[in-house]
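Right, one structure below, let's go through it.
Number of protein chains: 2
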Amino acid sequence: MTKENVQGAGEEEQQAQSKKALKKQQKEAEKAAKKAEKQAKLAAEQQETDEDDFAKDRYGICPMVQSQQKLDRALVRVQDLTPEKAEQQIWVRARIHTSRAKGKQCFLVLRHQQFTVQALLAVGERASKQMVKFAANLTKESIIDVEAVVKKVEQKIESCSQQDVELHVERIFVISQSEARLPLQLEDAVRPEGEGDEEGRATVNQDTRLDNRVIDLRTTTSQAIFRLQSGVCQLFRDTLINKGFVEIQTPKIISGTAISNNAFKINRPVLTTQMFLLVFRAEDSNTHRHLTEFVGLDIEMAFNYHYHEVIDSITDTMVQIFKGLRDRFPTEIQTVNKQYPSEPFKFLEPTLRLEYKEAVAMLKAAGVEMGDEEDLSTPNEKLLGRLVKEKYDTDFYVLDKYPLAVRPFYTMPDPNNPKYSNSYDMFMRGEEILSGAQRIHDAQLLTERAMHHSIDLEKIKAYIDSFRYGAPPHAGGGIGLERVTMLYLGLHNVRQTSMFPRDPKRLTP
Amino acid sequence: MTKENVQGAGEEEQQAQSKKALKKQQKEAEKAAKKAEKQAKLAAEQQETDEDDFAKDRYGICPMVQSQQKLDRALVRVQDLTPEKAEQQIWVRARIHTSRAKGKQCFLVLRHQQFTVQALLAVGERASKQMVKFAANLTKESIIDVEAVVKKVEQKIESCSQQDVELHVERIFVISQSEARLPLQLEDAVRPEGEGDEEGRATVNQDTRLDNRVIDLRTTTSQAIFRLQSGVCQLFRDTLINKGFVEIQTPKIISGTAISNNAFKINRPVLTTQMFLLVFRAEDSNTHRHLTEFVGLDIEMAFNYHYHEVIDSITDTMVQIFKGLRDRFPTEIQTVNKQYPSEPFKFLEPTLRLEYKEAVAMLKAAGVEMGDEEDLSTPNEKLLGRLVKEKYDTDFYVLDKYPLAVRPFYTMPDPNNPKYSNSYDMFMRGEEILSGAQRIHDAQLLTERAMHHSIDLEKIKAYIDSFRYGAPPHAGGGIGLERVTMLYLGLHNVRQTSMFPRDPKRLTP
C-alpha cells in the first residue's frame, strides 16, 4: 500500500517533538478542556429546558459525521430552490451566511457555493422559543441541515440569489460548527471598492484575503472566478482534442539548464502536440501580473509550410474559449462584475493580426519614442492595447514578427529579413497572455543561434541532438492560465485568479 | 513581452563559454564544413546528371522550411489512405520507416504516427533512374513530401497498417533529413520479447529506449500508449465535470511540511472538489511501479452522510474511464498488444468492494501468515489480486476499512472499531492505483491524531486552522496516471507510461 500522495508525513511522525510543539499541545489541551466545559454547560442548560420544550427533537448539534450511518435523505441544492418547489417539504445543507434575530423570529441567509436563500424560524407550532434562540446563536459559516417548507414570497428578496422563495424552517441541525470570530467577514470581502465608504463599511485588502484564503475562497466572487477558470481549462483541452491534439505530461524535475518546455516539444513525431505543463519562472514576480509559479497551457504543433497555420490554430482555440465562457458562464461573469465592474470582452473573427512594425508605427504616431528593434515596455503594451481597441474594436489580437534580437535563441529567423523572426505574442486587454514562435527544427541552425547567444552547447546537447533524426517544422506557444482568467474578467491582479498565489513575498498558505 | 516560459535562458546567455564548449564548437564547425563539402559534392553530381535527367524537377531536398511561403497544398494523412482513395493523385507527408531498392524499383514504407503505408518508385515515364536512386539513398526517419497515385493492391500488405493500398510515387522531396546512424532501430523497438531470437534479431532494452526517448516515442507502441494516456486524462475530467466537479490548480512550491495535497483539499466550501496536481514523492522509486515524479489525478469531494458516497463516485469514474478506453481506443490497445500481449481488462458494475478483514482472511486461507492490522506487502497485494480475480472475475476492486495504524494521521477513524479507519485503496490487476480516505474535518480530532503521530503541530498550523470555520465532511483520493495506463494495458513497468520518467538514477533527458 502506498501511504497516499503525502510526502514526508512518515518522516514527520518520526521526528522528535520540539518544546514548542509540547507547549502548543498543552495549549490545545487547555482549549479542548474549555470547550468541553462549555459544551457541558450548554448540555445542562439544554436539559433544564428540555422538559418544557416540545420541539427538543427538532434542533441540535449532530455528532461529528464519521460515516456512522448511510442516511437515505435527499438534499436539495440552494441553487435549485425556485418557485417550482413551492409548498414542498425539503432538506437543505448550507452554511449560515448571516443571522438576525427579531422578536420571536430568526432570519438566516443560507449559502451554498455562489447561491444564497433566506430562511425563517418563528416561534409557533413547529418551533419553540428555545429552538429559535438556538438558531439565532449559531455562528456564521457553520454548516447546517435544515428541513423546511419552500414558500413563494410577495416581494423579491434582493439580498439573496434565490429571490422568489424563502424557507420556513421546521428542523435545524448543526453538521459542522465554525468558531465565532472569523478572520474576515464575507460581506466585506465582496463589497465593491468605494461602496459603503461613507457608512464606514470595510473592504478586505489583498494580503488579508490571501492570508485567509480558505475563507476568501468562499465568497461568491471567488467561487465564480475559479468556476470560470475551470471552464478555461476545459474549453482549451476540448477544443484541442477535437483538433486532434494529444495531451502530454512533462517532467518538472529537470537537470542542467532549464529550457523545460522547449526541451520536450521536439519529442513528438510529425504530429500536433500539446503540452499542459507547469512552469516555475525565474522572472520578476513583484508585479500585478507575474507570479513565481503559474499554470501554463502549452501548445506545440507541427505545421506543413507556414507557421501562420499554428497561429490560426491557437487564435481559433482562444476564440472558442471566449465564446464558451460567454455562453456557459454568464452567472459567473455577472457575479464577478458585481464586485469588479468591467466591459464585456470583445474579439474579432478572424482574429486581428498585426506586424510588430505596424505596432511600432502606431506607438510612434501616438508620441512614443522607441527604436524599431526595441522590445515593448509594459506601459507601451498597454498603450498599444488602447490604440488597437480604438482602431479595431477588439480586446484580443496577435502581434507577429518580433525583432529577432528580443527572442530566445531557438526562435526561427524571418526568411525575408534577418532582423525579424517568425515569432508572436497574443494580447488580451493590452496585456500579453501568450508568447510563441516557430522553433528552429534544424540542429545546425540551432547550434549557430545558440553560439550567437553565447550559450554553453554542452548544456543543451540533448536538446540539440534531438533534432538530428528528422524533425518536422513546428511552432507553439504558452498561455498563462491565470492571466487569461484575470483579463477576460477585467480584473487587475493575477493573485485573484491564482488559488494559492506564490511570489517572492508569499510561500503560504 | 515575456521571453516565453523559458527559465534561465537569459542567465545562460550571459555565462562565459567554458573551454569544453569551445572545443565542442570547433567540432561542430568541422562537422558543418564536412556536411557542406558533402552537399557540394552531391550538388555537383546532381548537376552532372541533370542534363540527361528528364525527372530532375520531380525530386530533391527542399530548403529548410522557414515559412517562406504559404503553400495551398492539401496533405492526406497516412491513416486516411484507404481503397476509397484509389486512383486519386494526392500529397502525403510522412517519415521514411524503411527503404529497400530492388533493381529499377525502390520500395519505401512511409510512417505517420501509428500508421504505415507502402510506397513504390519505379524507373519509367514518371521517374528517372536518378530519381529512384535518390529515393533509395534517403536516410530512415527523414521526413518527406510525396506526390503519388493511390493504387489498390491484390494481396494485403501485411507489414503495413494500410494493407489494401500502396502509393505510386511521382514526386518526392525531403522536408527534414535524418542522420544516417540512428541510436536505435524502430523495428527492433517494437519487436515482442523473444520473437526473432533465433534469427539473432535484437530487441531494445529499457535504458537505451529512455536514453533515446525522442526516437523511442516514435514507435507505434509508444504512440498508442500516450494516445491512450491522453484519453485517460480526458475521460477522468469529462466524467467529473459532468458530475459537477470543479478543476483546480494547486501550488507545487510549498513551505514547511509537505502535506501538499491535503493542505488544499479543505479549501473548498460545501462542495465537491477536484484536484489535478502533480506530486513529487519522497518514496522508494527504484521499483517497477514507483517514480520520483508522477502525475496524480486527485479528487476531493464533500459528502452528505457516509464516505461510501465518495467511493461510489470514484469507482463510477474509473468504470467510465475503462469503458471509454475500451470503446474509443481499440486501435491503440491492439497496437500495444502486438508487442506486449495481455488479457483484456475486466471490471464489474457495481465495482466490487471488499473489507480489509476479508482480504486478510483470503490471504490466510491461501497460506499467508500475517497480522490483522499489518499492512499488505507488494507480493501479498499481487497474490490478493489473483485470488480476487479467481473468485470474482474482476481486475478492479476496492479494499475498504484499512487498519488505522497504517494510514496517515488525518484519516478518519472507523466509528465502530477504533483499530480500523474510513480509508480505502483501489487496485488494478493486483496493484494499487489509488489510495484515499475520509479526511478528518474537525480541528480538535485532527490535533489529537497529529499528536498521537508525534507530528509538530506548529508545522501544520495553517492546515489545522483551516478546519476551524466550518468544514464539511469529505473524502478523496489520488490516482496515479502512469499506473492506470500501465495496468489497463497490462504492461509491466511504469517507465513505459511516463514520457520522461524520473527515478533516483534518471534525471534526463
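Which chain is which? The protein sequence lines are A and B, in order.
With my numbering, the residue at position 430 of the first sequence is 430, and numbering never jumps.
With my numbering, the residue at position 210 of the second sequence is 719, and numbering never jumps.
All C-beta atoms, glycine included, are put in the ideal place defined by N, C-alpha and C.
Are residue i and residue j closer than 9 Å when you measure CB to CB?
i	j	result
Val659(B)	Gln672(B)	no
Tyr972(B)	Ala946(B)	no
Phe294(A)	Gly480(A)	yes
Ile333(A)	Leu217(A)	no
Ser651(B)	Gln694(B)	no
Gly244(A)	Phe345(A)	no
Arg837(B)	Gln234(A)	no
Asn813(B)	Arg93(A)	yes
Ile321(A)	Val310(A)	no
Gln66(A)	Met921(B)	yes
Val877(B)	Leu892(B)	yes
Reducing DSSP to helix, strand and coil, say where residue i ends up.
i	result
Met486(A)	helix
Leu966(B)	helix
Tyr933(B)	strand
Gln334(A)	helix
Lys660(B)	strand
Met810(B)	strand
Leu494(B)	No information on residue 494(B) is available, as it lies outside the stretch 510 to 1018 that chain B covers here.
Val270(A)	At Val270(A) the pLDDT is 24, less than 50, meaning the model places this residue with poor confidence; the figure from the coordinates comes in the next sentence. Coil.
Gln627(B)	strand
Pro415(A)	coil
Asp654(B)	strand
Val214(A)	helix
Tyr919(B)	coil
Glu28(A)	helix
Spatial neighbours of residue i within its chain, please: CB distance less than 6 Å, with the 5 preceding and 5 following residues excluded, ordered by chain position.
i	result
Arg326(A)	none
Arg468(A)	Ala443
Val406(A)	Asp375
Val388(A)	Tyr397
Gln598(B)	Val658
Pro713(B)	At residue 713(B) the sequence reads Val, which differs from the Pro that was named. Correct list, in chain order: Leu693, Asp697 and Ala698.
Which residues bound the alpha helix (DSSP H) around residue i?
i	result
Phe831(B)	His817 to Arg837
Ala733(B)	Thr729 to Asn751
Phe134(A)	Lys129 to Ala136
Thr139(A)	Thr139(A) -> no alpha helix (DSSP H), and no H or E assigned at all.
Val92(A)	Premise fails: Val92(A) lies in the beta strand (DSSP E), Gln89 to Lys102, not in any alpha helix (DSSP H).
Leu719(B)	Gln715 to Asp720
Ala359(A)	Tyr356 to Ala365
Excluding the five sequence neighbours on either side, which residues of its own chain have a C-beta within less than 7 Å of the C-beta of residue i, listed in chain order?
i	result
Gly569(B)	Phe682
His441(A)	Phe467, Ala471, Pro472, Pro473 and His474
Cys160(A)	Val109, Thr116, Val117 and Gln118
Glu882(B)	Pro912, Ala914 and Lys928
Cβ of residue i less than 9 Å from any chain E Cβ?
i	result
Pro379(A)	No chain E appears in the structure shown, which is made up of the protein chains A and B.
In its own chain, which residues sit with a C-beta less than 8 Å from the C-beta of residue i, not counting the 5 before and 5 after it?
i	result
Glu448(A)	none
Gln79(A)	His112, Gln113, Gln114, Phe115, Ser161 and Gln162
Glu381(A)	Phe427, Gly430, Glu431 and Glu432
Asp425(A)	Val398, Leu399, Tyr402, Glu432, Leu434, Ser435 and Gly436
Let's see if you can read the secondary structure: which residues bound the beta strand (DSSP E) around residue i?
i	result
Ile440(A)	Note, Ile440(A): premise wrong, no beta strand (DSSP E); not H, not E.
Gln105(A)	Gln105 to His112
Leu885(B)	Careful: Leu885(B) lies outside any beta strand (DSSP E) and carries neither H nor E.
Glu675(B)	Val674 to Ser685
Leu186(A)	That residue, Leu186(A), is in no beta strand (DSSP E); its alpha helix (DSSP H) goes Leu186 to Ala189.
Asp400(A)	Phe396 to Asp400
His983(B)	His983 to Gly989
If you measure beta-carbon to beta-carbon, which residues of the segment 988-1014 of chain B are closer than 9 Å to chain A? For the segment 988-1014 of chain B, which is checked against every Cβ of chain A, the residues closer than 9 Å are Gly989, Leu990, Glu991, Ser1007, Met1008, Phe1009, Pro1010 and Arg1011.
Members of the segment 57-78 of chain A that neighbour chain B once the beta carbon cut-off is set at 8 Å: From the segment 57-78 of chain A, only Met64, Val65, Gln66, Ser67, Gln68, Gln69, Lys70, Leu71, Arg73 and Leu75 have a Cβ closer than 8 Å to chain B.
Closer than 8 Å, Cβ to any Cβ of chain A: which residues of the segment 705-736 of chain B, in chain order? Going along the segment 705-736 of chain B in chain order, one finds Arg722, Val723, Ile724, Leu726, Arg727, Gln732, Phe735 and Arg736 with a Cβ nearer than 8 Å to chain A.
To be precise: take each residue of the segment 928-947 of chain B, compare its Cβ to all Cβ atoms of chain A, and keep it if any distance is under 8 Å. Which residues remain? Correct list: Asn931, Asp934, Glu941, Ser944, Gly945, Ala946 and Gln947.
Residues in the segment 138-156 of chain A having any Cβ partner in chain B nearer than 7 Å: Residues of the segment 138-156 of chain A that bring their beta carbon within less than 7 Å of a beta carbon in chain B comprise Glu141, Ser142 and Ile143, in sequence order.
Of the residues that make up the segment 339-362 of chain A, which ones have a beta carbon closer than 9 Å to any beta carbon in chain B? Sequence-ordered contacts of the segment 339-362 of chain A with chain B are nonexistent [C-beta pairs closer than 9 Å].
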